[in-house]
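A short worksheet on the structure shown next.
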């Protein structure tokens, strides 16, 4: 049972890293970006290509995936997304679905529709069994341990940036009220671009990290979009701890559900989400006044 | 003293004009009904377009008349399809009764779901509607002893419509059947949105805060519209299952909900005919593009969506302004 | 008209009304009585809680504690749209209109709703002659007849403000809450709007939030002064003008309170 918890936490942390960019973007720009999963997919495929064609070591691919996807995000933000901020949500939904469709079809064309296999370095494979007793049994896959470690470090880093740096306070000000922030001299456009870039970069990193666990094929953006949206909707958009808890909850619920009640599958997750959203339409972890 | 004698159109005429039938409308419908006769080889396509048009019109009630962005409208389409397919297989193969049954099931689900879309932000509603469709898809998948799972529900044999009109191989009966249902429901919907009740609906769409402040029970309006829209979508689903003879999981898919939303945007949101126009145009686009690149049609659709939104939805179709059509605005005028 | 006489029935009453947002007390134990036919003004510096009070009356905000009575009945828990049905209607400081509808459509919709025809889904909007005539009358009263076929989003600001008021009157209010009705209206058009307000039937009781002191003294027969969420004082215009406390509150705001 503890193994399930462990796997669920790993899955949840991965989801968090994948979805945090979406949450901040939603809170900052009030923009529903259904193409967020495409950035994750880009990071994953980039890693696969680098490893298979250019024999770049896995651990180096991770930061590369981050940087490359962040750049892609920055470019797209300046050229396309920027025009969409003030449009109604329907337009944003249509726009981002369009981008998602385009990315799915493009990847299908260039890379084929099969699942991509990720070759993990030897150090990250394998498993450690702890306490194989009657009630407590914990088997920790090394890769999942790695995922938890990396994501935890990133989370701490994010929280630090948000709470302790100038950029972080400017970001928080812009989330609270972009107009007032601009009136105070904060370069809100720059904040938007930087945040979008970092969010996309994190998604790319998550895609690279998660390819082994979640699978990687051209339908990735659409398949996992729902999970990202669940994290954002339940966790709220006014902090990063909200989505963190939501992601962990989702990860554990999904893993446990699929293990204990495989017949019901994802049914549990969706029902849980709907129940939570009906109970607290603003999200589970949002303080009053959050968007 | 009436100053209105100087006005170009008096008040009553103007108010009633939006509800009045335009001259071209009967012609369009006549043409539609004539098509299966004129081009019998394409009757199945006419059938398909009629069904999809009904689905799009049902979404228009939600999207165009209340402003709720729903990505899960396919849930009702699918439920209608599976319900009537199962009805035909296990109870009786009469199409009209099966249609009523499928519609009824979708209505129940719509009423239940309508409670979930009353509160929350756009994102919340998006998620809840999407979640519903996904849940139904999961259910249909897992209950494979009933629904055939991922293989779909096959071999649905239908009896003759109204006891007289057998479904033929060309699809002419199917086309006329679907067109009739579309016409009947369309006329009813049209009557409804042009009534005083329907006007309060537009008020809710434009400015729910003010609507409440003039005594309109906003939640009640939203719930009723959503339920009716679900019913219409269920009818479309029932037609789909009955005329094609099977129901499959992809009826619940996200692509389905996205496609119909695109159709509606092409045709114009908020004037009911938008669904019909959009369905026709979309079908044409699909056949043309899929003829060129069958595998990557999603790419071109995606590109079209991106360009459409960036250029601005309003600039796509102009001449329909005199219907007093869509408001793409959030919140009230100031 | 002197409605300070205590035998005039109270149409709207707030008793010990309190509203707190976290640590902030926006409405501080407010007691207010609006009498039948009153022209009652609510004044106070910015942030005094005037609009909050209106929101409490209309049910948009639930009170933290206290009681609200409309026409003698407790409406503290009543849903907002039901309060409107009982005759409590408000206007908004920032226009809240229906962008895609024309003034004619808007008023036809409101009047139909008001006459109980809002539930009819089988007839056409505009079919009922009585409804149409009422719309025409309202349009003429608010000088909107020339623009009645234009979509609201294309109307000039002054016309929108008139429509804002027209909508409220179409609801056939017994108690009318006006939130800064002439805000943003150019000085030349204020008279037009004010005359319409002044011409309201005597049975309609009006509570008016206003900053313009000329307007207040011309219009009101009773004034309540709200400061920091609580009632500072209440009385006739003459009494308020002479009150040193009120002068102190407004000193430094550049507003002259004393008017004849």
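Chains as they are written, first to last, in this note's numbering: chain A, 5 to 295; chain B, 28 to 361; chain C, 2 to 261. Every residue, glycine too, gets a C-beta built ideally from N, C-alpha and C. No experiment lies behind these values; they were computed from the predicted model shown.
Legend entry - Cβ-based burial, residue 51(B) [other Cβ within 10 Å; buried from 16]: The residue in question, residue 51(B), is exposed, as its Cβ has fewer than 16 Cβ neighbours within 10 Å.
Legend entry - chain C within 7 Å of residue 222(B), Cβ atoms only: Yes, because at least one Cβ of chain C sits closer than 7 Å to the Cβ of residue 222(B).
Legend entry - The alpha helix (DSSP H) enclosing residue 91(C), as first and last residue numbers: Premise fails: residue 91(C) lies in the beta strand (DSSP E), 89–91, not in any alpha helix (DSSP H).
Inset, instruction - Indicate whether residue 260(B) and residue 104(B) have their beta-carbon atoms separated by less than 7 Å. - result: A contact, by the Cβ cut-off of 7 Å.
Legend entry - Alpha carbon of residue 44(A) to alpha carbon of residue 209(A), nearest angstrom: Taking the straight line from one Cα to the other gives about 7 Å.
Inset, instruction - Could you tell me whether the stretch 160–180 of chain C touches the stretch 51–59 of chain C, using the rule of 3 or more Cβ pairs below 8 Å? - result: Proximity of the stretch 160–180 of chain C to the stretch 51–59 of chain C meets the contact definition, three or more beta-carbon pairs being nearer than 8 Å.
Inset, instruction - Mind checking who residue 180(C) pairs with in its DSSP beta bridge? - result: Paired residue(s): 210(C).
Legend entry - Selected residue, minimal CA-CA separation from residue 252(B), among 87(B), 82(B), 43(B) and 63(B): Answer by Cα proximity: 87(B).
Legend entry - Residues near residue 44(B) by beta carbon distance below 6 Å, same chain, minus five either side: Here the set comprises nothing.
Inset, instruction - With DSSP collapsed to three states, give me the class of residue 75(C). - result: Three-state DSSP puts residue 75(C) in a strand.
Legend entry - residue 247(C) at chain B interface by Cβ criterion, 7 Å: Interface flag for residue 247(C) against chain B is unset, since no Cβ pair is found closer than 7 Å.
Inset, instruction - Could you check what DSSP says for residue 99(C) in three-state terms: helix, strand or coil? - result: Of the three classes helix, strand and coil, the one that applies to residue 99(C) here is coil, per DSSP.
Inset, instruction - Check the Cβ-Cβ distances between residue 155(C) and every residue of chain B, and say whether any is below 7 Å. - result: With a threshold of 7 Å between beta carbons, residue 155(C) makes no contact with chain B.
Inset, instruction - Tell me whether residue 129(A) is buried or exposed, calling it buried when 16 or more other Cβ atoms sit within 10 Å of its Cβ. - result: Burial check for residue 129(A): the Cβ neighbour count within 10 Å stays below 16, so the residue is exposed.
Inset, instruction - Kindly identify the DSSP beta-bridge partner or partners of residue 200(C). - result: When beta bridges are read from the DSSP output, residue 200(C) appears opposite no residue.
Legend entry - Cβ distance (whole Å) where residue 225(A) is taken to contact residue 69(A) below 8 Å: Actually they do not touch by this definition, with Cβ atoms about 16 Å apart.
Inset, instruction - Leaving aside the five residues before and after residue 158(C) along the sequence, list all residues of the same chain whose C-beta is less than 6 Å from its C-beta, in chain order. - result: By the criterion of a C-beta distance shorter than 6 Å, residue 158(C) is surrounded by no residue of its chain, once the five residues flanking it on both sides are discounted.
Legend entry - Among 304(B), 325(B) and 190(B), the one whose alpha carbon lies nearest that of residue 84(B): Nearest of 304(B), 325(B) and 190(B) to residue 84(B), Cα basis: 304(B).
Legend entry - Range covered by the beta strand (DSSP E) that runs through residue 82(C): Looking at the DSSP string, residue 82(C) is not in any beta strand (DSSP E); the run it does join, the alpha helix (DSSP H), is 81–86.
Inset, instruction - Excluding the 5 residues preceding and the 5 following residue 112(C) in the sequence, name in chain order all residues of the same chain whose CB lies nearer than 7 Å to its CB. - result: Take residue 112(C), set aside five residues on each side of it, and the residues of its chain with a beta-carbon closer than 7 Å to its own are 132, 135, 136 and 171, in chain order.
Inset, instruction - Please decide whether residue 40(A) counts as near chain B, where near means a Cβ-Cβ distance under 7 Å. - result: The beta-carbon of residue 40(A) is placed no less than 7 Å from the nearest beta-carbon of chain B.
Inset, instruction - Tell me the start and end of each unbroken alpha helix (DSSP H) in the stretch 108–177 of chain A that is at least 4 residues and wholly inside, in chain order. - result: Runs found: 146–168.
Inset, instruction - Tell me, please, whether the CB atom of residue 154(B) is closer than 7 Å to any CB atom in chain A? - result: Cβ-Cβ to chain A under 7 Å: yes for residue 154(B).
Inset, instruction - Spatial neighbours of residue 23(B) within its chain, please: CB distance less than 6 Å, with the 5 preceding and 5 following residues excluded, ordered by chain position. - result: It is not possible to answer for residue 23(B), since the shown part of chain B is limited to 28 through 361.
Legend entry - For residue 167(C), the first and last residue of its enclosing alpha helix (DSSP H): Per DSSP, the unbroken alpha helix (DSSP H) holding residue 167(C) starts and ends at 158–171.
Legend entry - Strand pairing of residue 19(C), partner residues [DSSP]: BP columns for residue 19(C) point to 66(C).
Inset, instruction - Would you mind telling me which residues of chain B sit closer than 8 Å to residue 285(A), beta carbon to beta carbon, in chain order? - result: Within chain B, the residues whose beta carbon sits less than 8 Å from that of residue 285(A) are 146, 147, 148 and 151, listed in sequence order.
Legend entry - From 339(B), 132(B) and 333(B), residue whose alpha carbon lies closest to that of residue 100(A): For the set 339(B), 132(B) and 333(B), the Cα lying nearest the Cα of residue 100(A) is the one of 333(B).
Inset, instruction - Count the CB pairs spanning the stretch 121–135 of chain B and the stretch 254–262 of chain A that are closer than 8 Å, and state whether there are at least three. - result: Output reads no: the stretch 254–262 of chain A does not touch the stretch 121–135 of chain B.
Inset, instruction - For residue 233(B), go through chain C and note every residue whose CB falls closer than 7 Å to its CB, in chain order. - result: For residue 233(B), the chain C residues whose C-beta falls within less than 7 Å of its own C-beta are 99, 100, 101 and 102, listed in chain order.
Legend entry - Inter-residue spacing [alpha-carbon to alpha-carbon] between residue 186(B) and residue 167(C): If I take the Cα positions, the gap works out to 58 Å.
Inset, instruction - Determine whether the Cβ of residue 62(A) lies closer than 7 Å to any Cβ atom of chain B. - result: At a cut-off of 7 Å between beta carbons, residue 62(A) makes no contact with chain B.
Inset, instruction - Report yes if the C-beta of residue 83(B) is less than 6 Å from at least one heavy atom of the ligand ATP; otherwise report no. - result: In terms of ligand content, the structure shown is empty, and the ligand ATP therefore cannot be addressed.
Legend entry - Integer Cβ distance of residue 62(B) from residue 55(B), believed to fall under 8 Å: At roughly 11 Å, the Cβ-Cβ gap does not stay under 8 Å, so residue 62(B) and residue 55(B) are not in contact.
Inset, instruction - Please list, in chain order, all residues of the same chain as residue 185(A) whose beta carbon is under 6 Å from its beta carbon, the five residues on each side excluded. - result: If you ignore the 5 residues before and after residue 185(A), its C-beta comes within less than 6 Å of the C-beta of 177, 178 and 192, all in its own chain and listed in chain order.
Inset, instruction - Give a yes or no on whether the C-beta atoms belonging to residue 9(C) and residue 36(C) are separated by under 7 Å. - result: Against a cut-off of 7 Å, the Cβ pair of residue 36(C) and residue 9(C) comes out as a contact.
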